[in-house]
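These notes are about the structure you will find just below.
Protein chains: 2
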Amino acid sequence: MNDLLGAFVPGVDVRLAGRPGGPLEGLTFAAKDLFDIQGFVTGCGNPDWAATHTAAERSAAAVEALLDAGASLVGKTITDEISLGLLGVNRFYGTPLNPRAPDRVPGGSSSGSASAVAGRACDVALGTDSGGSVRVPASFCGLFGLRPTLGRIDARGMMVQSPTFDTVGYFARDAETFAKVGAVLLGESVAPEIPAEIIVPTDAFAIADEVVRGALAPAVDRYREVTHVTQTSLATDDLLDWARWQRVLQRHEFRATFREWVDRVNPRFSAEVAGAFADEGQISADAITFADHFRTEAKARLDALLDRRRMLCIPTSPILPIARDARLSTMRHAVHRIVDLTGIAGLTSLPQVNIPAGSASAIPVGLSLIGWRGGDAALVGAACALAEAAAPAERAH
Amino acid sequence: MNDLLGAFVPGVDVRLAGRPGGPLEGLTFAAKDLFDIQGFVTGCGNPDWAATHTAAERSAAAVEALLDAGASLVGKTITDEISLGLLGVNRFYGTPLNPRAPDRVPGGSSSGSASAVAGRACDVALGTDSGGSVRVPASFCGLFGLRPTLGRIDARGMMVQSPTFDTVGYFARDAETFAKVGAVLLGESVAPEIPAEIIVPTDAFAIADEVVRGALAPAVDRYREVTHVTQTSLATDDLLDWARWQRVLQRHEFRATFREWVDRVNPRFSAEVAGAFADEGQISADAITFADHFRTEAKARLDALLDRRRMLCIPTSPILPIARDARLSTMRHAVHRIVDLTGIAGLTSLPQVNIPAGSASAIPVGLSLIGWRGGDAALVGAACALAEAAAPAERAH
């Protein structure tokens, strides 16, 4: 494969034809290298992981679902090391190109999947999202992307990172493809339908940089023309707390996941990823207990707010994609900022879609809808309908 | 080079003939890849360091000194990544063989230098010692090794790690070579001479495992036959405090050294080395102030004890070399234990020699002498004389 995007795992050539006659016949897809492909080692973006694991005995459920529906697999895409990262920087396999902003990061950890779809190397790609790993690259590369309700799409055969956060997501360039693939992965029909009410949380928008808010304002204004848009505040106190406890819980979980392997292998990591394992033992049992309690309350709050006719609308990322050659300290700061917003659906296990809704100096800026628990098909349908309704605004901007 | 030891930096072939007629004519030496060799990149054991640095414009002072004295350079040896480590495990270039204990680590960070000398790939090798990086591999590989008084051997052209700890050291297999090379590097004659008094600090021996104490007892008993051996306690309170403050100060310094590079490059490290940069910012200014004060007092205490006729005798390492395939947690525990003893001379900037003085199940166990400040030539001479005096004991064990 002539991979000018640097989106595919180097040296791995995997192609599987889709089953003829399915609803996705004619579409091509790629899978993040966190999904098992029978007969291949799932490398998870780190050469020491690849070297210490054997070939998969069967393909992941989501891969099988797309093949069964007729889509053809064209490759394995680069992920941030062991799925830890939101920027798409991989010091071992390279940082995939962001075709929409070539001097900026593509976002991660589903970096290669977003790059491949945005760069037209395939029509669709599977990603995973625990802390924002589909939503962020979708926003940065100007794509539709779904993080489903926790457990809504079968995660068998996908590398585990943080069990109460891990989801199977996907990317598409256009609304029609996004809806078609969503129907297959969700096993449910997806109809484009504008939601009855869109809630704009002022505290979520306040977290975003002015350039992001400005880029998204025309799309939100369009939404006002087609549906009922209201404002509220998500948090009773400080919305930044939501991300804080998301970080604590997720870190606690992925450390447990990787502890034995790290201890056994002494693997090589970039300094960025190694930092995720720093201050080991600094998370107290009390912090976990409090975080669990906080999560329960946050879930209840959003479940009450999002009955089956309302959706939340927030900026997907509070910042634009940073430069590809940014310093580590800049990277760390960016990741922290991003989780301030991605932590909302992460903590509450709710579905979120990114809509390519705006741009700033030609750099994509994504707008998200967060739907009710299990309302993934309605959410994908809403994204498609709103993208269509707001299209003039996006073009004009 | 047919490097069965895995001691030399892969892919780097460097040979420089010594100046004819010098006192070291006929000897071969290797230099740890922390010493500049003109025209070659000093790789410092990490591929991202190598990739972000240019070739040295001139060779290090210690390399020049050995070449001028007639020794010929035969290669660059593997070091623990950016000199951080005491075990000799390098996940990028491999762990050099410990020829005396093939299933055990060679010790580090001057791992390749010790391996090359112990494995007879050269007669002598240069190492560096900040926290124990010559003393530990000398002990583990059964070699003579010197960590000199801070500043006593010219460190120009050697990678900086922690300026108030970094020293230029070296290894040799036999006393005669050890003395000859010491005279060149110290610029001072070295005469084998048994010290007038050897002080055995009970609190230092108490830190060592019983198997280490047992392996060293015959040598100490021999010393009693040839000189005056007395006992004392080094610390007024707890000797483990010395290592504690050594760790704080050294960590504070190497973080300052590498901070800009780590931030700029986001380098890849093994998890072991990445851990050295963990809990960044956890060292308070108060801790540094206290540690500095503690160091001043420890120096004064040892300077008062070690007048120009007394030397201290301690186990070089409190533990045997661990298994080559040990887990990360075992590695970390081992390093912590080792610094409990290497921190004594480290904190006080005093010279220390390792004497291959014993063994346990054929695994080398080293005994150290710590000399007075600047008494490096006398220390090397004492090591040679005592090794000779105790030789029957070592053979018998």
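Residue numbers (the working numbering), protein chains in the order written: chain A, 1282 to 1678; chain B, 1282 to 1678.
We treat Cβ as the ideally placed atom computed from N, Cα and C, and that holds for glycine.
The model shown is predicted, which means the values in this text are computed figures rather than measured ones.
- In whole angstroms, what is the alpha-carbon distance linking alanine 1332 of chain B and glycine 1326 of chain B? Each residue's Cα considered, the two are about 11 Å apart.
- Pick helix, strand or coil for leucine 1237 of chain A, following the three-state DSSP scheme. Outside the shown range of chain A (1282 to 1678) lies residue 1237 of chain A, about which nothing can therefore be said.
- Query: Of all Cβ atoms in chain A, is any one closer than 8 Å to the Cβ of arginine 1372 of chain B?
  - Reply: Chain A, which has a Cβ nearer than 8 Å to the Cβ of arginine 1372 of chain B, makes this yes.
- Message: Would asparagine 1547 of chain B pass as an interface residue toward chain A - the criterion being a Cβ-Cβ separation below 8 Å?
- Response: Yes, because at least one Cβ of chain A sits closer than 8 Å to the Cβ of asparagine 1547 of chain B.
- If you run the structure through DSSP and keep just helix, strand and coil, what is cysteine 1665 of chain A? The answer is helix: DSSP assigns cysteine 1665 of chain A an H, G or I state.
- Using the C-alpha atoms, what's the distance from alanine 1638 of chain B back to phenylalanine 1558 of chain B? Rounded to the nearest angstrom, the gap between the Cα atoms of phenylalanine 1558 of chain B and alanine 1638 of chain B is 35 Å.
- Query: Under the three-state reduction of DSSP, which class applies to glycine 1426 of chain A: helix, strand or coil?
  - Reply: Correct three-state label for glycine 1426 of chain A: strand.
- Query: Cβ of valine 1543 of chain B less than 8 Å from any chain A Cβ?
  - Reply: Output row for valine 1543 of chain B: interface = yes.
- Message: I'd like to know if the stretch 1471 to 1487 of chain A and the stretch 1309 to 1323 of chain A are in contact, where contact means that at least 3 CB-CB pairs between them fall below 8 Å.
- Response: Using a Cβ-Cβ distance cut-off of 8 Å, the stretch 1471 to 1487 of chain A and the stretch 1309 to 1323 of chain A are not in contact, since fewer than three pairs of beta carbons, one from each stretch, lie closer than that value.
- Item | Counted within 10 angstroms of its Cβ, other Cβ atoms place phenylalanine 1571 of chain B as buried (16 or more) or exposed | Phenylalanine 1571 of chain B counts as exposed, since fewer than 16 other C-beta atoms from the protein chains shown sit within 10 angstroms of its C-beta.
- Just to confirm, are aspartate 1484 of chain B and leucine 1520 of chain B a CB contact at a threshold of 8 Å? Yes, the pair counts as a contact, with Cβ atoms nearer than the cut-off.
- Task: Report the residue from A:Tyr1504, A:Val1295, A:Pro1328 and A:Ala1352 whose alpha carbon sits nearest the alpha carbon of glycine 1302 of chain A.
- Result: Selected option, being the one with the closest Cα: A:Ala1352.
- When DSSP builds the beta bridges, which residues end up paired with glycine 1450 of chain B? Glycine 1450 of chain B is bridged by DSSP to B:Gly1408.
- Message: Strictly below 9 Å CB to CB, what residues from chain B border phenylalanine 1558 of chain A?
- Response: Chain B residues near phenylalanine 1558 of chain A: Ala1552, Ala1555, Gly1556 and Ala1559.
- Item | Given threonine 1577 of chain A as reference, the closest of A:Gly1627, A:Leu1354 and A:Ala1346 once Cα atoms are compared | Ranking A:Gly1627, A:Leu1354 and A:Ala1346 by CA distance to the CA of threonine 1577 of chain A puts A:Gly1627 first.
- Message: Taking 6 Å as the limit between beta carbons, can you name the residues of its chain near valine 1471 of chain B, skipping five residues before and five after?
- Response: Non-local beta-carbon contacts of valine 1471 of chain B in its own chain, meaning distances under 6 Å to residues more than five positions away in sequence, involve Ala1460, Gly1463, Ala1464, Ala1658, Val1661 and Gly1662 in chain order.
- Name the chain B residues whose beta carbon is nearer than 9 Å to that of serine 1610 of chain A? Residues of chain B passing the Cβ test: Asp1544.
- Task: Determine contact between the stretch 1411 to 1428 of chain B and the stretch 1387 to 1395 of chain B, defined as no fewer than three beta-carbon pairs at a distance below 8 Å.
- Result: Inter-segment contact for the stretch 1411 to 1428 of chain B and the stretch 1387 to 1395 of chain B is present: three or more beta-carbon pairs are separated by less than 8 Å.
- Query: Since aspartate 1329 of chain B contacts proline 1548 of chain B with CB under 8 Å, what's their CB separation in whole angstroms?
  - Reply: Confirmed, Cβ separation roughly 4 Å.
- Query: If alanine 1406 of chain B sits next to threonine 1358 of chain B, beta carbons under 8 Å apart, how far is it from one beta carbon to the other, in whole angstroms?
  - Reply: Contact holds; Cβ gap of about 6 Å.
- Task: Quick one: grab the DSSP three-state call for methionine 1440 of chain A.
- Result: Coil at methionine 1440 of chain A, not helix or strand.
- Cβ shell of arginine 1428 of chain B (< 7 Å), same chain only, five flanking positions each side left out: Excluding residues up to 5 positions away in sequence, Asp1410, Val1415, Arg1416, Thr1448, Gly1450, Ala1626, Pro1632 and Gln1633 lie with their Cβ nearer than 7 Å to the Cβ of arginine 1428 of chain B in the same chain.
- Coarse secondary structure for glycine 1639 of chain A, derived from DSSP in three states: Three-state result, glycine 1639 of chain A: strand.
- Message: Taking only three categories from DSSP, how would you classify serine 1531 of chain A?
- Response: Inspection of the sequence shows that residue 1531 of chain A is occupied by glutamine rather than by serine. DSSP places glutamine 1531 of chain A in helix when its eight states are reduced to three.
- Task: Rounded to whole angstroms, what's the CA-CA distance from threonine 1508 of chain A to arginine 1589 of chain A? Just pull it up for me.
- Result: One C-alpha to the other measures close to 15 Å.
- Name the residue from B:Gly1356, B:Leu1365 and B:Gly1412 whose alpha carbon lies nearest to the alpha carbon of serine 1394 of chain B. When each option's Cα is compared against that of serine 1394 of chain B, the closest is B:Gly1356.
- Considering only residues of the same chain and omitting the five flanking positions on each side of tryptophan 1526 of chain B, which have a CB-CB separation below 7 Å? Counting only Cβ-Cβ distances below 7 Å, and skipping sequence neighbours, we find Ala1572, Phe1575, Arg1576 and Leu1628.
- Message: For valine 1529 of chain B, which residues in the same chain have their Cβ closer than 8 Å to its Cβ, ignoring the five residues on either side in sequence?
- Response: The residues Ile1564, Ala1568, Ile1569 and Ala1572, in chain order, have a CB closer than 8 Å to that of valine 1529 of chain B in the same chain once the five nearest residues on each side in sequence are set aside.
- Item | Close beta carbons around arginine 1437 of chain B, own chain, < 8 Å, minus the five adjacent residues each side | Ala1341 and Ala1342, listed in sequence order.
- Task: Please name the residue in B:Ala1311, B:Leu1347, B:Pro1291 and B:Asp1284 whose C-alpha comes closest to that of proline 1304 of chain B.
- Result: Taking only the C-alpha atoms, the option nearest proline 1304 of chain B is B:Leu1347.
- Item | Closest residue to isoleucine 1619 of chain B among B:Phe1550, B:Ile1488, B:Val1398 and B:Arg1454 (Cα-Cα distance) | Closest option to isoleucine 1619 of chain B, Cα to Cα, is B:Ile1488.
- Task: Report the residue from B:Thr1376, B:Phe1535, B:Leu1466 and B:Gly1647 whose alpha carbon sits nearest the alpha carbon of proline 1599 of chain B.
- Result: By alpha-carbon distance to proline 1599 of chain B, the top candidate from B:Thr1376, B:Phe1535, B:Leu1466 and B:Gly1647 is B:Gly1647.
- Touching or not, the stretch 1495 to 1504 of chain B and the stretch 1603 to 1617 of chain B, by the rule of three or more beta carbon pairs under 8 Å? Output reads no: the stretch 1603 to 1617 of chain B does not touch the stretch 1495 to 1504 of chain B.
- Query: Taking C-alpha atoms, which residue in B:Leu1667, B:Ile1595 and B:His1533 lies nearest to threonine 1445 of chain B?
  - Reply: With respect to the C-alpha of threonine 1445 of chain B, the residue from B:Leu1667, B:Ile1595 and B:His1533 having the closest C-alpha is B:His1533.
- Query: According to the Cβ coordinates, are threonine 1538 of chain B and serine 1630 of chain B closer than 8 Å?
  - Reply: No, the Cβ-Cβ distance between threonine 1538 of chain B and serine 1630 of chain B is not below 8 Å.
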